[in-house]
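Enquirer: Numbering (this note's numbering), first residue to last: 386 to 725.
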């Protein structure tokens, strides 16, 4: 075996804002782990937590939590996964199965959960180690580069919509037509909702219609999100995919009684809502992080069945720093996927 075959290519963060190409030695999976030969990995805004050092990071660290690959090694005590199987790894690195939250079935909030690409190396690489409890099955016929964004952006929006109290025929609004929003609009249409897309600028209207929205609200010219939604009868549900506390606060006023706002975009901006806007009509706001592996399986199956797909731009692994900069600058339309 040559020395080159004992190592693999990866792109790692070595300091805040700095990514570099490197070669790392292959490692064998430990108990409860598998090793993947990575085929594709999405570039997600949450990768900034690693690259910019927003989380306490042990440098160097390989980012990436939308990874799809083939299992090429299986550690001990792993059941249900086999060599050669194509699987995915999302933001959640895998639940422990024994903490109080796991015992209640709340795998998303496992107290011993590690975040992929933050606590351990992620998918900006030709190889990675993953906890078997966090693996997602990739359906046949779904290309790896198409599956990758569904493991985070897709899962987050699908889970929020599927777990919400809204039912087919209800008015559901999506704030933001970006990396998450353009998938949320597609999911909402195919789930049978009356979909309102809310974006900035008249140019997004055509895109919203193409994605399946029944209505488009241009937040840059409309008097306000709330009056526009109330003119349509009031929203049963608003999914806020774009960051910003003000948009969430406005959305509350656009809800019908018992309506709900689900915030998906992380932002330090506070949500300032008068309690009377919540009390009268029993309206509510909640946050949603992502979904568990079962929900991820459902996301991929539904996407394949209903022809939901992310708009992607592929780049080879070596261009990961360029892809990351483009994503951070808001120039991705709408997801960048690294291919190995």
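Backbone N, C-alpha and C fix where the C-beta goes; we use that ideal spot for every residue, glycine too.
Assign residue 483 to one of two classes, buried (16 or more other C-beta atoms within 10 Å of its C-beta) or exposed (fewer than that).
Expert: The residue is exposed, with fewer than 16 neighbouring Cβ atoms inside 10 Å.
Enquirer: Could you give the C-beta distance for residue 565 and residue 617, rounded to a whole number, given that I count them as a contact under 8 Å?
Expert: That pair is no contact at about 22 Å.
Enquirer: Residue 572 by DSSP, collapsed to three states: which one?
Expert: Note: residue 572 maps to helix in three-state DSSP.
Enquirer: Report the three-state DSSP secondary structure of residue 420 (helix, strand or coil).
Expert: Strand, per DSSP.
Enquirer: Give the straight-line distance between the Cα atoms of residue 561 and residue 595, rounded to the nearest whole angstrom.
Expert: Approximately 15 Å, taken between the alpha carbons.
Enquirer: From 450, 420, 672 and 417, pick the residue whose C-alpha is nearest to that of residue 431; which is it?
Expert: The residue with the shortest Cα to Cα distance from residue 431 is 450.
Enquirer: I'd like to know if the stretch 498 to 507 and the stretch 550 to 557 are in contact, where contact means that at least 3 CB-CB pairs between them fall below 8 Å.
Expert: Touching, no, given that fewer than three Cβ pairs across the two stretches are closer than 8 Å.
Enquirer: Using 8 Å as the threshold, is the stretch 450 to 461 in touch with the stretch 409 to 423, meaning 3 or more CB pairs across them?
Expert: With the cut-off at 8 Å, the stretch 450 to 461 and the stretch 409 to 423 touch.
Enquirer: Counting only the same chain and skipping the five closest in sequence on each side, list residues whose C-beta sits under 6 Å from that of residue 706.
Expert: 404, listed in sequence order.
Enquirer: Rounded to the nearest angstrom, what separates residue 631 and residue 413 at their Cα positions?
Expert: Using only the alpha carbons, I get a separation of about 48 Å.
Enquirer: If the criterion is Cβ atoms closer than 7 Å, does the pair residue 598 and residue 607 meet it?
Expert: No; because the gap between Cβ atoms is not below 7 Å, this pair is not in contact.
Enquirer: When the Cα atoms are used, what is the spatial distance from residue 477 to residue 645?
Expert: One C-alpha to the other measures close to 25 Å.
Enquirer: According to DSSP, is residue 709 helix, strand or coil?
Expert: Residue 709 falls in the helix class under three-state DSSP.
Enquirer: What runs of the beta strand (DSSP E), each 3 residues or longer, lie entirely inside the stretch 584 to 669?
Expert: 600 to 603, 620 to 625 and 640 to 648, all fully within the stretch 584 to 669.
Enquirer: Between which two residues does the beta strand (DSSP E) harbouring residue 556 extend?
Expert: First-last of the beta strand (DSSP E) with residue 556: 556 to 560.
Enquirer: Alpha carbon to alpha carbon, how far is residue 396 from residue 387? Give it in angstroms, no decimals.
Expert: Here the model assigns residue 387 a pLDDT of 41, short of 50, so the residue's position is not dependable and the matter cannot be decided.
Enquirer: Could you tell me the alpha carbon to alpha carbon distance between residue 629 and residue 670, rounded to whole angstroms?
Expert: One C-alpha to the other measures close to 14 Å.
Enquirer: Three or more C-beta pairs under 8 Å: does that hold for the stretch 524 to 541 against the stretch 693 to 708?
Expert: Enough Cβ pairs lie closer than 8 Å, so yes.
Enquirer: On the premise that residue 620 lies in contact with residue 641, defined as a C-beta separation below 8 Å, what is that separation, rounded to the nearest angstrom?
Expert: Contact flag correct, Cβ pair sits at about 7 Å.
Enquirer: Below 8 Å CB to CB, which residues in the same chain sit around residue 718 once its five sequence neighbours on both sides are set aside?
Expert: So the list reads 696 and 698, once near-sequence residues are dropped.
Enquirer: For the alpha helix (DSSP H) that contains residue 473, what are its first and last residues?
Expert: Unbroken run through residue 473 is the beta strand (DSSP E), 471 to 474; no alpha helix (DSSP H).
Enquirer: My output table needs one value for residue 388: the three-state DSSP class, helix, strand or coil.
Expert: Residue confidence for residue 388 is low, a pLDDT of 49 falling below 50, so the modelled location carries little weight; the figure read from the coordinates is stated next. Residue 388 falls in the coil class under three-state DSSP.
Enquirer: Is residue 522 helix, strand or coil by DSSP?
Expert: In the structure shown, residue 522 sits in a strand (DSSP, three-state: E or B).
Enquirer: Can residue 696 be considered in contact with the ligand FAD, in the sense that its beta carbon sits closer than 6 Å to one or more heavy atoms?
Expert: As presented, the structure is devoid of all ligands, the ligand FAD included, so that no description of it is given.
Enquirer: Go ahead and pull the three-state DSSP assignment for residue 579.
Expert: Three-state DSSP puts residue 579 in a strand.
Enquirer: Using CA coordinates, which residue listed in 660, 633 and 463 is at the minimum distance from residue 647?
Expert: The option with the nearest alpha carbon to residue 647 is 633.
Enquirer: Return helix, strand or coil for residue 443, following the three-state DSSP convention.
Expert: Note: residue 443 maps to coil in three-state DSSP.
Enquirer: Using CA atoms only, rank isn't needed, just tell me which of 714, 437, 429 and 390 is closest to residue 400.
Expert: Nearest C-alpha to residue 400: 437.
Enquirer: With a cut-off of 8 Å on the beta carbons, I'd call residue 452 and residue 517 a contact; round off their distance for me.
Expert: Their Cβ separation, rounded to whole angstroms, is 14 Å, which puts residue 452 and residue 517 out of contact at 8 Å.
Enquirer: In this structure, what does DSSP give as the bridge partners for residue 698?
Expert: Beta-bridge pairing links residue 698 to 721.
Enquirer: Spatial neighbours of residue 545 within its chain, please: C-beta separation below 8 Å, excluding the five flanking residues on both sides.
Expert: Same-chain partners within the cutoff: 569, 624, 647, 649 and 673.
Enquirer: Would residue 530 and residue 656 be called neighbours here (beta carbons separated by less than 7 Å)?
Expert: Taking 7 Å as the Cβ cut-off, residue 530 and residue 656 do not qualify as a contacting pair.
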